[in-house]
Amino acid sequence: MKVSIKDNLSKKMLLWYDKNKRDLPWRKSKKDLNPYQTWISEIMLQQTTVEAVIPYFHKFTAKWPTIKKLSESNIEEIMDAWSGLGYYSRAKNIHKAAKIITKEYNDQIPNNYDELIKLPGIGPYTAGAILTIAYDKKASVIDSNIERIILRIQGIKKPKDKVKKELIKISEELCPDIRSGDYVQAMMDLGSAICKPNNPKCNLCPIKKFCYSYKNNLTNLIPIKKTRKPIKIRKARLFWIVSNQNRIFLRRRPLTGLLPGMLEFPSSDWIIKSKESKKEILFPIKGNWKPITGNVMHTFSHFQLSLKIYICRDVNEKKLEGIWKKENDIPNLHLPSLMKKVYKHVFSNTNN
Ligand code: SF4
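Take the sequence shown: its position 205, counted from the start at 1, is 1115 in my numbering, and no numbers get skipped.
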């Protein structure tokens, strides 16, 4: 890449950013930069929209204002605070990393790539984001927005998976030595507001004169779209158990696997559709079990889950080990989105 293009592009981006930057709670002026908040926000923003992250970010950083406080918390509390945000391994990794940072780095997030990348949950993207945004150091940062912009300005007509190394190299080359953090956030904002996946608003784009796709009318063809594999469906039975004191049974999921450590209504194993259909139902307790109309569908990153719910009433609470909650208290619990859906489904399809 020619130096002049690199410098001019970053200059244009920074001018645009100064006028158009989004006001986000984790964005600070240079003197107030807080690597802890940058780290938490960047982890929360993986796979999750800015709008969804904002209230979680406020609550999380109010409850744990420092890495030290976070490292002293227990994993169940963190999982509860994360409930509804999804991709729960992120929360587990934050907890593990906070303990390491407290113990080995005196509560300071490392400011070099090699140390950052060793921490749980910090990959090349997050390491680059922390270095640029929190420490104002030049680095490669590729999120989905930046990736799309680079593919378009460079006119790269190959699927993005085939050009990963090239993208990393270009992103580092484009990153300026001064105001690296602002430049990276400018690119993120441009991708979100202007260089959108479909129908980018090129007439408003500050870097259109550097853009190959714009000049060659390729903006709707680049990035090259991959044909999606059909998503796998898993099925399971979920057991809604009501006690003779009108309380509902919940339990905590194991700390490994999906939704680790989160509260749930018990269910059978989530297994692939074709293997499930003829299986006998193993209810967790004897009783008068009845199916509830309809199914609850929920999409995880790599499969879709279809839950058939069965209800049993008048159960003796002593017969099951777990947590019993009054129906009215359930909406106030920290439940993952799937379990919130289950709750809504039961209450709209029964007389509860
Ligand atoms: S000109 Fe259009 S396609 Fe090119 S970077 Fe700007 S918004 Fe994206």
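A virtual CB, placed ideally from N, CA and C, is assigned to each residue, including glycine.
Since this is a predicted model, take the numbers as computed values, not measurements.
Taking C-alpha positions only, GLY1033 is separated from ILE1027 by approximately 6 Å.
In the structure shown, the three-state DSSP call for ILE1043 is helix. Of all alpha-carbon atoms in ASP933, GLU1190 and SER1090, the one lying nearest the alpha-carbon of LYS921 is that of SER1090. Of the candidates ILE1181, ILE1088, ARG1062 and LYS1229, ARG1062 places its Cα closest to the Cα of ILE1080.
Of the residues assessed, ASP1053 falls on the buried side of the cut-off, its CB having 16 or more other CB atoms within 10 angstroms. Cβ contact annotation for TYR1220 (same chain, cutoff 8 Å, sequence separation greater than five): ARG1147, LEU1148, PHE1149, TRP1150, ILE1191, PHE1193, TRP1199, LYS1200, PRO1201 and ILE1202, in chain order.
In this structure, LYS1142 keeps its C-beta atom at 7 Å or more from the C-beta atom of ASP1087.
Between the stretch 925-936 and the stretch 1092-1105 there are three or more inter-stretch CB-CB distances shorter than 8 Å, so the stretches are counted as touching. Counting along the chain, PRO965 sits inside the alpha helix (DSSP H) bounded by residues 960-973. ALA1096 places its beta carbon 7 Å or farther from that of TYR966. Where GLY1171 is concerned, there is no enclosing beta strand (DSSP E), because DSSP gives it neither an H nor an E. Out of PHE1159, ASP1099, ASP1071 and HIS1212, the CA that lies nearest to the CA of PRO1140 is found in HIS1212.
Boundaries of the alpha helix (DSSP H) around ASN1055: 1054-1064.
At least one heavy atom of the ligand SF4 falls within 6 Å of the beta-carbon of THR1129. Counting other Cβ atoms within 10 Å of its Cβ, PRO1246 reaches 16 or more and is therefore classed as buried. Contact annotation: ARG1058 and GLY1101 have beta-carbon atoms nearer than 7 Å. Excluding its 5 nearest sequence neighbours in each direction, ILE953 has C-beta neighbours in its own chain below 7 Å: ARG1000, ILE1004, GLY1031 and THR1036, listed in chain order. Between ILE1158 and LYS1235, the C-beta gap is smaller than 7 Å, which places the two residues in contact. Just measuring C-alpha positions, the residue of SER981, ALA962, ASN1226 and LEU1131 sitting nearest ILE1010 is SER981. In the three-state reduction of the DSSP assignment, TRP1234 falls in the strand class, which pools E and B.
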